Every structure is written in C-alpha cells, then in structure tokens.
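If you read the sequence shown in this note's numbering, its first letter stands for residue 48, the second for the next number, and so on. Heads up, the beta-carbon is just placed ideally off N, CA and C, and yes, glycines get one too. Owing to the predicted nature of the structure, the values given are computational and were not obtained by experimental measurement. All remarks here apply to the structure that follows.
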Amino acid sequence: MAAESRAPPLHGGPKMAGGAEPEPEPGPEPERVVEALELLLRPPAGPSERGDAAGPGPEGALRPETLRDNAAALEERLRRAPGWAALRGLRDAVLARAPALAAGAAGEAEPGWAAACGLLALLLCLKERLAALAAAPAARRAGPGAAPPPGPDTLSVAQGRAVGRALRAAVGLGLAPYLPPGVGQRPGPPAPPPPPPATRGARLHAATAALAELARHPALGGPLLSRHLGLLLAGLCLLGHGPAAHSEGVSESERARCREALRHILDRVYQPLAVRELLVLQGRPKQSPPSPGEETKPALVRAPAWLRRLCGQLLSERLMRPSGVQAVVRGIMEGTGAGGSGAEAAAVDWRKCDTVAKILASCPQQCLSLEDYYRLVCPQILDLLRIPDKLTARQFQRVATTTLLTMAKEHPQLAERHLLQPLLAPLLRCSETAELAAEDLSAGTVLVTEAELSSCVEDVLKVYVVGNDSSSLLLRSLQSVLGVVFSLYSFAKQNVSYLRSPCQEILLWFLEKSEREVSLAVLEGFAGLNSSVRALHPRCQFRAGSEGGATIAVEETIGDEDEALYQKVSSEQCRVESLVELLSHCQKSGLAGDFFIYCLKALTRVAAEDEADSNLAAVPGGSLLELEQYHAGQRRKLLVLQLVATLCESVSDTVFTDVAQVQEFVAATLQRACVSPARGPGAAVEAQTLAMAMGLVAAMLSGAVQLQSGDFAVLKRLVPLLEELSRTYPEPLTQELAADLRITICTHGAFSPGTVGAAADGVLGKKPGTGTQSPAGIPGRAPSPRGGRAPPRHGRSSPSAPRERSEEESVSHEPSTVGPAPAPCANSPAPAGLQELLVSACDPQPPSRAAALRHLSSLIAQRDPEALRLQEKLLQVFLENVQHEDAFVYLSAIQGVALLSSEYPERILPVLLARYGCPAQGTEDTVAAVTRMKLGEVLMRVTRALGDVVFKHREPLVQAFLRGARDPDGTLRASSLSNLGELCQRLGFQLGSIVQEVTSCLTAIAKTDPEAEVRRAAVHVVVLLLRGLSEKATEVLQDVLRDLYRLLKHVVAAEPDGATVLHAQLALEELDAVMRRVLFPPQVLEKKIVVLP
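In structure tokens:
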C-alpha cells in the first residue's frame, strides 16, 4: 500500500552489502495484528471456536496451559513465519515504551498476566497501525454514483468481534484480578487468587495505562468504553484517588496522570453511561438482607468509603455540567426501559422516579451556594417536562414534577423564583399587572407565541394537576395566572382549540383544592365582580394559532364606539357562559351551589340598594370620582343580574347537594322578599320565586327528603326570616304559609298544617287528587318550572279549607292581567279535574298557566276521552294562549294546538289556516305578525306530524304560505318562505303543478324584495328543495330547473347581501352534486345471472 510505503521504520536493522541503507520495511497490516490476537486466544483443540459465547471472559474458558501454549506458538510464528517480521518489530517498539508490559509478557510463571500483557501489546500495535493508516492520504476515491469506500482504518465485522474478545480478555486477565474487593466488583464467576501486594500496584497501573491509551482511539475506544467502562474507571479511581497501600510502585506523577485520564474519559463518554457506571461503583449505601429468592446469589462486598465519597463527588460534577440533570436522569432510568419497550413498566416504578427526584432536589456539598445550584439546575428540570419522545417523556415528567414539588417544600422562596415564575412566565407576561414595554405596545405585536403558550399550559397541567400537590405555595402561584387561564379557556370554548381541555382541568383542580372561600372569591373574579384574580391585560387579546393553539398579541384599537361596545358586551357574555359551564362540572363538590347562593345574596344586596336609591336621582351629581363609582356600581349590578339569569337557565336542578345549601338558598330568597316585597313590573316573577323557595322547604318537611335532627337545626335558621315574612309581606296567603312553615320547623314536623302539604304537592308536581284543593293564590299553587306539571291537589284537610276554596273561586274569576280569559271555560259542563285545568290555563302567573297547558297537551297525547270531547274549547284556550308574551306559555300552547291538529286535521287545519291568513281584528300590525308566525310554527309541527298524509292538505297550505310571502311585514314574509321551503322538502314527488307557482314566487322575491332577510329566505327555499329531492330533482323540477339555475346565478352575480350569496352558492353546489350523480353515476361491479328457460 502506498500509505504503508511512506510509514517511518519502527526499528533499525543491519546495513546491506555495499554500504547501502536497507529499504524500510512496511508496517503490518491490521489483519495480521488481528490474526495474532486470535492466535493468542485460540481455545484448546476443538471443532469450533467459542467466540462471544465463551462467557464473561476468556479467562473462564482458557486454562493456564492453553495460554502458555498459545504464547509460545505466537512467538514461534513471529520469529519464523514469512510476513510477520513487521509485526514483530512494531511489537518490540511498543514493549520498549512499556517496560512493565515487556516484563510481564516475558514471564512464564504467571501465564494469565503474560497473556494479558501480550494482548495489550498487540492492541497497542493495532492502535498505532490504525492511526498511521488514518493519517495517510486516501489511495482511491469512489466513482460517480458509487458508495464511498471504507476508510483504511476501518475494521470488518469479524475483526471487530476478535478485537472485542481481546479487549475482554485483557480486562479480565490484566485489570479485574488486581482490583481489591468492593472496587469495581461484578457478579459472575469467582476471580482468580490475588497476586502478591508488591506487584499489584505496578501491574494495575501498566494495564490501566494501556487501556486508557487504547480508549483514545475511536475504533478501539468504542467497544472498550461501552463494555468495560466500569472496570476501567475503577482502576483509574484506585490509582489516582485510592489509598497508597493499593498503589505500591506507582509514582506520584503517574497517579496524577491517572487522575487526568479519569477526568478525560468521564468528559468524553456518553454522560448517562458515565453516571450509571459511577452509581454502580458507588454501590448500595447499606447492605440489605437477602430476599428468599436471592439467598443463593453471592453477596457483593460494599464499596469502601473513599470510593463512595469520590463517586459522589464525580456524580455531582456530572450533575452540574450543562445538560447534567438529563444525563443523571437518563443514567439512572435508561436501564429500566426509558425510551424502549419497557418504558410503560418503568413508569409504574414510581419509587425509582421519586429517588431520582430527591437526588436532584439535594444540593451537592461541593456547591458553595444553594442559590447557584438552583440557578443552574432549575432550567434543566423544566426542560425535562418538554421531552419529545413519548415513552421517555412519561418517566422524565414524573421525575421533573416530583423534583419541583420537593424543592417547593424544602426551599419555597428559591423554588418560586427559579422554577414557578419561569414556568408561568408566558402567562404572567400578559396579565393585567404586567408592565408592557413601549416597543411591545404597537398593535399586532405577538407577546406569546403559539408554541410557547401551548408548552406553558401543558407544563402547568403536568406540574399542578398531575403532580396534585395542593401546597399553599403552588396554589398561590397558580392563582396569579388563573385570570389569564380562564380567558384562554373562554377563548378556546368559542373556537376549535386543543387548549380547552387542559385549561378546564387546571381551573377545576384549583377550585377543588383551594379553600371554599378562596374558590368563591376566584369565581367572583372570573365573573368580574372583584379583583382576586389577575385578568388578561386590557391591551392584549388571544388569536387563533395555525396549529390549533392560540397566541397572545397586542390588540388593535377599535375606532368605532359601537363596535367597541359590542365587543365588550359580547366578551362579558362569553365570560359568563364559560363560568357557568365551568360550574356545571363542580356540582358534586357543592361549589356550584355555594356560588349560586352567593349570587342570590348579591342579588338581595342589589335589591336593597335599589330600594334605598329609589328616592334619589338617577345619576348623582358631584365629582368625576363619584360618577365613576356610580357607574362601577351599576355595572356590578348588571353583572349580578346577568350571572343569576344565566345560572338559572344553565345549571341543573342538582346544584344543591345537601340541606345546608338548600337552607342558604331559601334564606337568600326570603331575605330578598323581606327587603323588597314584590311590587311593580317584576312582581309576578318575585312572587313565583318566593313560592318556589317556600314550596321547596315544604316538600322537604313533607317527606321528600329524609331529615335528621341535625337538618332541623339547619332549617331553624329560617325561623326569624319566616317570622318577619309572616308579619311584613303584603300577600296574606304567603304570610299564612310562612307562619305554618315556621310552626312545622319548630315542632320538627310533628304538626304540619294543610298549607304546607299543598305547597309540597305543588313543588313535587303531584296530579290532582280527591283531597282538598290547593288555594289558587298561595305559593304552594306554583308548580316547578322544570317539572311542567298540573296544579296539584293535596290530601290534607284543615279548618281553613272552605275559606281557601272560596278565595280560590274569587281569584280564578278575576280577569287575567296578561291575556284574555276564555269565557266558556268557567261554566263548562266538564269534569272537575279538567275544569280546574281550563281555569288554570287562564291563571295570571305564567308558570301556572304553562303547567296547565302542558297537562292538557299530555291528555290529548294520551287520547283522553273527556279532553277530546272538549276539543273546541281546548282549541280556543290554546289559540288564546298562543298570543301570550311569555315564551314558556305560548310554546306550551303551540304544542297543544299541534297535538290537537294532528288528531283532527280535517277540523282544526281550516281554523288555523283562516287565522294564519286573516289576523284577529283590533290588533296591532306587529302583534298580528308575531301571532301569525306562531301559527306558522303550529302549521309546520302539524305538517311534520302528518307525514305523507300532508299531501291531502297541500293546496291550502301552499296557498297560505304564498299569501304570507306577500305580507307587508318583512319578518312574516321570511317566516312564510321558511315554512314553504320545509313543506316543499317534505312533499317531494307530490309537489305536482304547484312547483311553477313556487318557482315564480321565489324568483320574484329573490330579485325584487327590498329586505335582505326575505331574499335570503327565498334562496334558502331553493336549497331545501334541492336537498329534499336529491337525485330526483331532475325529474320533479324538470320544467323549472333551468329557471332555478338562472335565478341562483343571478343572485351570486348581483346580490349585495353576503349571506344570501352564500345560500345561493350552497344551492349551486347541491345542484352541481345532483347533476354529477345523474350524468356520471357511480360504477358498480355486479354480476348478473340469468336463468334461461
């Protein structure tokens, strides 16, 4: 080889005749050195080599006689075989530089040490030869398109296996026997007897120095450090730092070189591997008694104290290096499956994770300052939370979380400064207390990127929720960013974002772990009623991210005041809705009930303030500060009202979890009734709320809940309020019920007047019975709005029953304050129960009226014969209640009319169509239009109920809706068109010739109607028509399909309203899909079998 021809001669030889210098002999090939290694490790006579299966080392397979014979055979071949002279010269040069190896290789008394010295000498020869080949220029280059040739110093697979055997034999024969017990000890076969102490240190130094030199070469250092790092470190530790008794014959300069080599190797190798080997060297701190399954295993000698201290110091140095925390964690956890198939099982081993966390949380002794240690280690601990590998991340996150929690307990101030604040930094940066720099205030500046915000939320979830440590430090730190997290939750709720679930878990965890007073204060802060949480900075806003997350940026200034007001109102509405949804997950813990009670108490205070300010001016005069305080108070009142209204609509009836919460709710209601009795426009609602609260107490006292003696102690808190209500409330029947409830509570239910039972029946929604009738005006008369039941009758009798019945009759005959009462109902020959329902359907209180209407509807659905016999009177009652302004009432009436019409369409539909076409005389245009739209809803419900039978009534229905489409009121026109579209969709093939009329009407309206909402409805009818007919559209609409297509194209081209254009585009897409399916039907692979006659 060219490289070998330029290599310098390793040793001088005799001169040739004639005085000429002999040509330098080229160095040996690496194959020759490997062959010498195999010859030295050749097993005794046998058909096959043992190879790597020989055990932990050749010393267990080769006997001393075999080693002696192999060494003699190698020497014979080096002296006599052709081509081995170069290797002999190179080995002689290597042994000349290492006298201890030369002396050991020449000795025959100890064949093991002689074989080790021979192996190390040959390995050093191989190292020098590989280094020379690597330094020589490349002999040839790869052609175009061909793979590059391997380097001249590259070993083949077989050569690498032979070198591995040689390294294992050199370590097993030249290093392991000279280590004292407890230093680098490995389980396995018993070690050979130790050599004399006088030669132990020198031999150990010779073998260790040779192996350290081999470790510097990449091709030889890789297998050496990956398989024998522990023993090599043990030898270097013993020579460089061990007692002098183990280093006899080793000079101080040699010991210093061993310490330097130890540092070099530790800095060079894979750090987790170095950590693991140092931990093995350090050994267990205390020998535990063997378990029953381990009694037969040989016990390991405990590492000496100096080695344990040294390994601890070296481990601390590994920890305090850059990325040292991850190296320590990987070094301990990688052997248990981290990053591999056993990671799931290793994640369950929480004890090991907790042990690593305790190690990381403890400051090493050589670290001079605890502050410096936290400053160095804490950023690396936070990095453990963001490991991308899922299998490894589970262990690392547990270690990081446990470490953080341990540090927070031991040194809370340092942990807050170096761990929690950096963890929460993206959220703190945009809170309302943060001071934004001048360069950050420009509109559109991104303060927190999507990746940073997502990582922050996920880290908070891992540390706080998964860690589940409710210490005061963690709760206090999390509370500082709860306002921003809630704003992000509200934003994610409005958009499609994966951040919604983690934000919800964080908020629910804090509300569950905090004290109840703190949780309520935080909920107030979410609602904007106090400043207990730091909200999002007023100049910041969330924006949707490109990967499903969110970013935080400086919002742009809105110049339009109306738009700014709209944004503010919609933001507050969204915040309240998000708060109510969050509370829906807190019902089992009772937090939702407590917050609801708090809002009711706040509502009481609002009522008291309004009562006190009723005699004052609307806007106080005075300074600007007073005016701002007044507006802030008004804003708070509006927030309370909005919050109570949303809670009443959204929170289920299981919001109260115990008697104490029910008592708090009733107390808040009674106190509000005492402060401001029901007067004015909202008197009916206030009276109904009071009736529900008192009926709830009556139901509990009547046996709906099994009350204990402690529950009566709680209910006795209502006695002062009931007594005040019985004296001050303006309604006599409410006074009587309050007095009776007070008596029942004080007697623990031993005496229960009849009014209590009547109120309980009203809340429980029992059907009319045979007992004494409940008074019409008392609160017990009010059914639960959720139950929707009929006005009840109770089975208790009392002395006041005749008087109550007479009062009921007088009240029931009074005209309604909301809608007109039907005259025939009072004197109808109907049964008593049905007559009572007809009277209740005219009750002035909307809940009672709606409950009666729903009960009448249920009787019709059950085909009750008495109810069906009075169908005309029922229709009159339903139609009059359709005009009611309360949604609960007129929706119940619409349901009743629809059920009655589906039973008798021939009789009822003409009446409905007549009223739909001609409104009642004497009504305002707006009221008439609203009533006709309600009747249109009735007609559509009847259409759905009739199904295919609706074809019989096709003509009058279509004509009624077409006439409605020409009404002067735009809203009614749009409603009629919507009904027409649904009717056409249901008719399908049965449209017939009326499709021409429908198409002409839609074309005229879509092109000429002045209101965009009506044009939008006309185009929407086309969409419904095409969707309903689907593939059959080409058959049903064959005469008008071209006109509809031209109409849609005209709308897309000329319509100014964007929503109408969108509807037209949707219709064109439907039409395009239909035509494609007709023109290009899907190919179906089918096989037809025809049976011939």
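- Counting the other CB atoms within 10 Å of its CB gives Q676 a total below 16, which places it among the exposed residues.
- When DSSP states are grouped into helix, strand and coil, Q634 belongs to the coil group.
- The continuous alpha helix (DSSP H) containing I1041 extends over residues 1041-1055.
- Ranked by Cα distance from G750, the first of T246, R126, V80, T791 is T791.
- In this structure D641 touches Q708 by the C-beta definition: roughly 7 angstroms separates them, less than 8 angstroms.
- The three-state secondary structure of V1131, taken from DSSP, is coil.
- Residue K399 holds the alpha-carbon nearest to the alpha-carbon of Q442 among I406, N1026, K399, A408.
- Per DSSP, R590 lies in no alpha helix (DSSP H); the unbroken beta strand (DSSP E) holding it starts and ends at 587-591.
- In the structure shown, the three-state DSSP call for L885 is helix.
- In this structure, D200 sits away from L170, with a CB-CB distance that is not shorter than 7 angstroms.
- Inter-segment contact for the segment 529-545 and the segment 615-632 is present: three or more beta-carbon pairs are separated by less than 8 angstroms.
- Out of L986, S756, E711, L772, the CA that lies nearest to the CA of A734 is found in L772.
- Its chain contains A168, C172 as the residues whose beta carbon lies nearer than 6 angstroms to that of R138, once the 5 sequence neighbours on both sides are disregarded; these appear in chain order.
- Taking a contact as a CB-CB distance under 8 angstroms, the pair V1068 and G1028 counts as one, their CB atoms being some 4 angstroms apart.
- Straight-line measurement puts the Cα of A914 at about 37 angstroms from the Cα of D1016.
- If only uninterrupted beta strand (DSSP E) runs of at least 3 residues are considered, none is enclosed by the segment 123-174.
- L452 and G572 have their C-alpha atoms some 27 angstroms from each other.
- In this structure, L717 lies away from C646, with their beta-carbon atoms at least 7 angstroms apart.
- CA-to-CA, the gap between S273 and T439 works out to about 22 angstroms.
- As computed with DSSP, L583 is found in a beta bridge with S478.
- Assignment of beta-bridge partners to I553 by DSSP yields no partner.
- If you draw a straight line from the Cα of L529 to the Cα of G514, it comes to about 18 angstroms.
- For L922, the uninterrupted alpha helix (DSSP H) segment begins and ends at 918-929.
- Classified as exposed, I605 has fewer than 16 neighbouring CB atoms from the shown chains inside 10 Å of its CB.
- Collapsing the DSSP output to three states places V1138 in coil.
- The criterion of a C-beta distance shorter than 7 angstroms is satisfied by V1070 and H1110.
- Cα atoms of E711 and V744: separation of roughly 11 angstroms, rounded to the nearest angstrom.
- Closest by C-alpha distance to T1107, out of R89, L466, K1134, R1062, is R1062.
- For I955, the enclosing alpha helix (DSSP H) stretches over residues 952-964.
- The alpha-carbon separation between H465 and A183 amounts to approximately 53 angstroms.
- Residue state for V761 is assigned as helix, using DSSP reduced to three classes.
- A direct Cα-Cα distance of roughly 25 angstroms separates P779 from A897.
- Taking a cut-off of 8 angstroms on C-beta distances, the segment 295-309 touches the segment 251-260, as three or more cross pairs fall below it.
- In its chain, beyond the 5 residues on either side, Q782 have a beta carbon closer than 8 angstroms to the beta carbon of R774.
- L271 carries a helical assignment under DSSP once its states are collapsed to helix, strand and coil.
- Beta-bridge analysis with DSSP links I599 to V495, F589.
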